[in-house]
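Peer 1: Structure below; questions to follow.
In my numbering, the protein residues as written are 1094 to 1335.
Written as structure tokens, this is what we have:
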């Protein structure tokens, strides 16, 4: 299956430059890409949410700014790799809110494009491989484990805190822990499971996870810190192989 790419860009020169980079990348790697251009954001948002694997989003658009469009995209699609394209890097500083892979500054050079594009392709492939499928009112929603920050249980409601929202389901944390432990999630409390990739710091009895503070139980502290240490050691080893 070809990789489907959306380019949301109103400037012809910027679009043609990106198109040329994609075609060069395709020639060099032997990969095939289906490319669709949208001069405005709203027609893109009217497309099926899971149609595109890679999305290049201009930040300054005539009908809706790129960050707002990206937020609307993430309401329905949390898997596609998103890349912002901008005249000034400062406009892309909030890309973390919508889990953007990176940003490209115009005029985009091929070297910078190839680096970010390869990362986006790899991220989409990994996200596809590790999806949850949630039943939601009116359909289903696919969620990448790598975008799951932590899990919280309140009574019999399990809350999945994502980088760009949350999903609530009935269940128990014990069952969720069995499912997530193979992916490195750590138990820090009777009511919480944490993705170590989002841990920013550990205080005496709290953990900084993304922008949230969650409790660290005394009985779980030793095991949690050991698991976190193992995660960083494994991550360092993988980074050194890149």
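Even glycine gets a Cβ: it sits at the ideal position worked out from N, Cα and C.
Report all residues from its chain with a CB closer than 6 Å to the CB of residue 1166; omit the five preceding and five following residues, and keep chain order.
Peer 2: none
Peer 1: Just checking my contact of residue 1246 with residue 1284 at CB under 8 Å: how many whole Å lie between their CB atoms?
Peer 2: 5 Å
Peer 1: Select from 1243, 1193, 1270, 1317 the residue whose C-alpha is nearest the C-alpha of residue 1255.
Peer 2: Selected option, being the one with the closest Cα: 1243.
Peer 1: Just to confirm the assignment: which complete beta strand (DSSP E) runs, minimum length 3, are found wholly within the segment 1237 to 1282?
Peer 2: 1241 to 1247, 1250 to 1255, 1258 to 1263, 1279 to 1282
Peer 1: In whole angstroms, give me the CA-to-CA distance for residue 1040 and residue 1109.
Peer 2: In the structure displayed, the chain extends from 1094 to 1335; residue 1040 sits before or after that span and is not available.
Peer 1: Please specify which runs of the beta strand (DSSP E), each continuous and at least 3 residues long, are wholly inside the segment 1145 to 1171, giving them in chain order.
Peer 2: 1147 to 1151
Peer 1: Within 10 Å of its beta-carbon, does residue 1288 have 16 or more other beta-carbons around it, so buried, or fewer, so exposed?
Peer 2: buried
Peer 1: Please look up how many angstroms separate the CB atoms of residue 1175 and residue 1191, rounded, as I've assumed it's under 8 Å.
Peer 2: 6 Å
Peer 1: Checking 9 Å against the spacing of the C-beta atoms, do residue 1209 and residue 1107 come in under that value?
Peer 2: The Cβ-Cβ distance between residue 1209 and residue 1107 does not fall below 9 Å.
Peer 1: Look up residue 1225 in the DSSP assignment and give the residues it is bridged to.
Peer 2: 1236
Peer 1: Return the residue from the list 1169, 1241, 1158, 1269 that minimises the CA-CA distance to residue 1132.
Peer 2: Selection 1169, 1241, 1158, 1269 evaluated against residue 1132 yields 1158 as nearest (Cα-Cα).
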